[in-house]
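First up is the structure itself, then whatever we jot down about it.
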Amino acid sequence: MNQLTDKPEWRRKVFDETIIKRWKNEIVNDHGPQFRREPLAGKAQGFTIQCIDELQEKAKMFEETGMVMVLDVEALVIKSDSIVEEELRLALISAVKPLEEVPNDDKFKDWHPGSDGKVLNLVHPSLFPLVYGRTKVRSHGEIGLKDCLIAAGSGEVAPQPDNEETVHSSTFYYARKSHLWSKKFQWLPCEIKFVGDEVKITSYINNLHPLRHEHLYSVIEKFIGKALPLWSCGIQRLDNGIGPRISIEKLGFEYVEDDKEGTLPGDMELEQNLPDDRHREKSEGSDEDIEDSDSEMDRSEDSELEDRLLCMPQPRAFRPTDPNEWPSDDFLRKKYAKEGLQVIIKLANIMLTPEKPRYGGGSWHVEGQLNEKICATALYYYDCENVTDSYLAFRGQIDTEDLHEMPGQGDYGYLEYLFDIEQHSDAMQDRGRVLTRQGRLLSFPNVFQHRVAPFSLVDPSKPGHRKILALFLVDPGERIISTANVPPQQKDWWAETLRDTGALSVLPTELFEAVIDEVVDPMDLEEAKELRLELMDERKGLQETFGNDLNTFNFCEH
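This is the structure we're talking about:
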């Protein structure tokens, strides 16, 4: 369904019976071997009817909202190619140019560590984050956008949080595992307020100078406003997903005559259905009589498994949603009209050249650490040139409890086959991938792991790029320290303000710079980059720990 909604005029085509028939044939032809053997034999019609019914509802929802919901189960991804107008896309390209048109050296161009000079950070929250035990925080009153520069250096150093502070959250299952929280770093969001129908940024965006880039602030405000409907719908669906399309409770077996050929399922080798210890070679010193007895028992069990077919039910009939019950696209605006929101901003370019023609893709990850309480992400792909199609892939953890209870002793091969899982593997299910083309706004809740798929230059003799605006929404119900509490930590911002307005403005340039060099607070760029490496190491460890904490498929074998 996700692929079909990328086709031109898909909203018209899903109601055209001639095209629908052609799509059905394409599905069967493309996936013929699957649909021609048990347990899927004869099920293609049911699957395609279900898909077309869903697509027709998605088309109706798009006409009302401009959004397309895809990969939707208990959570979903939302995409839109129309919410952001071309005029706004071009405005972003123009407003970002001053960040790109800087001298080509490391002092001005921030190539992301470990990216082999392919990822250029324009605005990144890992630089000058909140550092517990180092960053100063103002405990009284908020720092406004207009007075933030003169506030640099004020406040008290933020203490390191204790264990009790790192285990309370209602949003994330893993929040009670304190090792998934950072006790040293936190990304800093800016404050967002609702003013009439508009969205206003009321505290500085970390690493984006509020005076030099005032126009970019106004453009980003508009993009946050565009992301709000997608976030609103996605968050509401977390509590009201469409549920399974096929009921696993109705899975069953049909036993066949001895003279009929039938295994489970289709062409699956019997060994796939047997636990590992049924294939082990005879161990040294084992009793041959016991082993012969075990072999006879195994042959009897194997014969029983061979004489059956797995019967899988048709997908349930599609149940359309009453339009009055569609997710509200102004949910966040209404619920948090007074408090406003907190959003973390990132701007990054993936730059390819004839010397470096391929981007190898990213790693599986969730956004941020748990103390940052990121609940949803919005990504906008505003400029793509001379690069192949790229995708954002998604996977999510699934509840294994029901699956554990289904198979009999040692009898789990059909579950591995149907759900594309393996015994003892991580309980993660691939949810699919979404095309990330120019002009597309994408939103998803921070319950998915995701990764950028590889892409490369179309014409390897010319450079190419993919430019991205990322907006990370902090859980509105659990606010965190923001730039309204933390004065800017960038020493060069502070020095520039001091030079223009402070008592040191009368000093000669050399003497002024000598005085500034002796100051340790605010933080200089060299220290900030060293701390960023520590932050990156910590987050890499978080993702590894997250993987180690995952449940695994562990079907009964004994």
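Residues in the sequence shown are numbered from 1 upward in steps of one, following full-length UniProt numbering.
Every residue gets a Cβ at the ideal spot worked out from N, C-alpha and C, and that includes glycine.
9 angstroms Cβ cutoff met for residue i and residue j
i: Leu441; j: Asp81; result: yes
i: Leu332; j: Leu341; result: yes
i: Leu149; j: Pro210; result: yes
i: Ala378; j: Ser443; result: yes
i: Leu130; j: Trp187; result: yes
i: Leu435; j: Ser390; result: yes
i: Gln423; j: Ile398; result: no
i: Phe472; j: Glu367; result: yes
i: Arg479; j: Glu385; result: no
i: Glu198; j: Glu142; result: no
i: Phe185; j: Glu538; result: yes
i: Ile350; j: Val387; result: yes
i: Thr501; j: Asp329; result: no
i: Thr5; j: Ile27; result: no
i: residue 621; j: Asn446; result: No information on residue 621 is available, as it lies outside the stretch 1 to 558 that the chain covers here.
i: Ile205; j: Val102; result: no
i: Pro327; j: Gln236; result: yes
i: Leu535; j: Ser182; result: yes
i: Leu99; j: Asn2; result: no
i: Tyr380; j: Lys226; result: yes
i: Asp439; j: Glu74; result: Note that residue 439 is Gly in the sequence shown, not Asp. Taking 9 angstroms as the Cβ cut-off, Gly439 and Glu74 do not qualify as a contacting pair.
Of the residues the options, the one placed nearest residue i, counting alpha carbons only
i: His465; options: Arg437, Val474, Val366, Ile481; result: Arg437
i: Glu496; options: Ala152, Tyr381, Lys183; result: Ala152
i: Ile83; options: Leu122, Glu142, Tyr382; result: Tyr382
i: Leu180; options: Thr388, His365, Pro103, Phe62; result: His365
i: Ser203; options: Val343, Gly114, Pro98; result: Val343
i: Glu530; options: Pro460, Lys109, Pro113; result: Pro113
i: Phe455; options: Gly361, Leu469, Met536; result: Gly361
i: Leu525; options: Glu26, Asp147, Thr5, Asp110; result: Asp110
i: Trp494; options: Pro522, Asp517, Lys467, Ala470; result: Pro522
i: Thr353; options: Ser425, Asp116, Gly133; result: Asp116
i: Ala427; options: Arg395, Glu87, Asn104; result: Arg395
i: Pro320; options: Asn121, Asp53, Asn29, Asn2; result: Asp53
i: Lys193; options: Lys356, Pro476, Asp162; result: Pro476
i: Ala95; options: Val219, Lys226, Leu71; result: Val219
i: Pro460; options: Pro357, Phe62, Glu100; result: Pro357
i: Leu88; options: Glu221, Arg212, Met69, Glu372; result: Glu221
Per-residue burial, residue i [other beta carbons within 10 Å of its own, 16 or more giving buried]
i: Lys462; result: exposed
i: Arg431; result: buried
i: Ala528; result: buried
i: Phe15; result: exposed
i: His450; result: buried
i: Leu92; result: buried
i: Pro159; result: exposed
i: Ser490; result: Note that residue 490 is Gln in the sequence shown, not Ser. Gln490 is buried by the Cβ-count criterion.
i: His215; result: exposed
i: Arg22; result: exposed
i: Thr18; result: exposed
i: Val119; result: buried
i: Ala337; result: exposed
i: Pro508; result: exposed
i: Gly541; result: exposed
i: Leu157; result: Reading the sequence as shown, one finds Val at residue 157 and not Leu. Exposed: under 16 other Cβ atoms inside 10 Å.
i: Leu533; result: exposed
i: Ala317; result: exposed
i: Arg433; result: buried
i: Leu392; result: buried
i: Val474; result: buried
i: Phe448; result: buried
i: Leu90; result: exposed
i: Asn25; result: exposed
i: Val195; result: exposed
i: Lys107; result: exposed
i: Lys467; result: buried
i: Lys97; result: exposed
i: Asn207; result: buried
i: residue 577; result: Since the first residue shown for the chain is 1 and the last is 558, residue 577 is missing from the structure and cannot be characterised.
Check: residue i C-beta below 8 angstroms from any heavy atom of the ligand NAP
i: Gln429; result: For the ligand NAP, the structure offers nothing, since it holds no ligand at all.
9 angstroms Cβ cutoff, residue i in contact with chain D
i: Arg539; result: Structure shown: chain D not included; a single protein chain is present.
Item checked: Whole alpha helix (DSSP H) elements within the UniProt domain "DUF4246" (1–26), 4-residue minimum -> 10–13
Next item on the list: Tell me, please, whether the stretch 4–12 touches the stretch 48–60 by the rule of three or more beta-carbon pairs shorter than 8 angstroms.
Entry: yes
Checklist line | Cβ pair count under 8 angstroms reaching 3, the stretch 476–493 against the stretch 136–144 | finding: yes
Checklist line | Segment contact, 8 angstroms Cβ cut-off, at least three pairs: the stretch 217–231 with the stretch 68–87 | finding: yes
Check: Which ranges does the beta strand (DSSP E) cover as unbroken runs of at least 3 residues, wholly within the stretch 442–474, from first to last along the chain?
Finding: 449–452, 464–474
Check: Could you give the uninterrupted runs of the alpha helix (DSSP H) lying entirely in the stretch 69–141, keeping only those of 4 residues or more?
Finding: 86–100
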